[in-house]
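Numbering-wise, the numbering used here puts 903 at position 124 of the sequence shown, and it's gapless, one number per residue.
Yeah, the Cβ is synthetic: ideal placement off N, Cα and C, and Gly gets one too.
Step one of this worksheet: look at the structure below.
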Amino acid sequence: MALINTTTTGVLGSTFFGDGVGDLTVQKDGVTVNKITASPLFHATCGALTFANSTWTKLPMSGKVYDTNNNYDPTTNYRFTPTVAGYYWIKAQFFLGSSGGRTACSIYKNSGDVCQTLILSSNTNGGISVVTQGLIYFNGTTDYVEAYGYQESGGTAALNNNGGLTMFSGYMVRPA
780 MALINTTTTG VLGSTFFGDG VGDLTVQKDG VTVNKITASP LFHATCGALT FANSTWTKLP
840 MSGKVYDTNN NYDPTTNYRF TPTVAGYYWI KAQFFLGSSG GRTACSIYKN SGDVCQTLIL
900 SSNTNGGISV VTQGLIYFNG TTDYVEAYGY QESGGTAALN NNGGLTMFSG YMVRPA
């Protein structure tokens, strides 16, 4: 915890100290007047994956690049569950080497679709990239998000697991 404590008496100036972790508390005469919470953020990439035709598939984003508050699970559920209530900008994207028909990327909050991008794609353009993103409120305890993909090529389609093309990320915009 870091603490800033100012007084209304004494010498002008303040002393600031902290241990470099946790929240920043601002006090006046020993009474908390503001608290700045560390902003959780994460970024993960995906391993190899083959999409079945016309089936929503959870994107197993197992390559955790960073996770400042240890709120992203890269091994079991592939979900972000922030422990700080607030509004978060969440983004999911993937690239399929080839696809035809409809291709969609979706962000599910608590197992329900909250953001989705659906596009028509063609097998002649070398692949398709789909990105969806949005501002989502989290309660700081039980709310979580996961990334899903969908394709209708008529067969299976392989995901391009290049970290610059397939990713899942988010950051807190404002605490609740």
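| Item | Value |
| --- | --- |
| Rounded separation between F965 and T811 - CA only | Residue coverage of the chain in this structure runs from 780 to 955, which leaves residue 965 outside it and unanswerable. |
| Euclidean distance between Cα positions of M780 and L803 | Confidence is the limiting factor: at M780 the pLDDT is only 49, short of 50, which leaves the residue's position unreliable, though a coordinate-based value still follows. Their backbone Cα atoms lie some 6 Å apart in a straight line. |
| L914 versus P853, V893 and D922, residue with shortest Cα-Cα distance | V893 |
| Residue(s) in a DSSP beta bridge with V812 | Note: V812 sits in no beta bridge, so no partner. |
| Y866 beta carbon less than 8 Å from that of V924 | no |
| Beta carbon of N940 nearer than 8 Å to that of A827 | yes |
| Beta-carbon proximity check, A823 vs I886, cutoff 8 Å | no |
| CB of F968 within 8 Å of CB of Y845, strictly | Given a span of 780 to 955 for the chain in the structure shown, any question on residue 968 remains unanswerable. |
| Rounded C-alpha distance that separates I907 from E931 | 12 Å |
| Distance CB(G933)-CB(G876) smaller than 8 Å | no |
| Beta-carbon spacing of P839, N848 below 8 Å | no |
| Residue range of the unbroken beta strand (DSSP E) whose run includes L820 | L820 to T824 |
| Own chain partners of R858 with C-beta closer than 6 Å, once the 5 adjacent residues on each side are dropped | D852, Y923 and E925 |
| Neighbour-count burial assignment, K814, 16 or more Cβ in a 10 Å radius | exposed |
| Enclosing beta strand (DSSP E) for E925 [first to last residue] | V924 to Q930 |
| C-alpha gap between T809 and S890, whole angstroms | Note on identity: in this sequence residue 809 is Gly, with Thr being the wrong assignment. Taking the straight line joining both Cα atoms gives about 44 Å. |
| Rounded C-alpha distance that separates G928 from K843 | 19 Å |
| Identified DSSP bridge partners for P954 | G865 |
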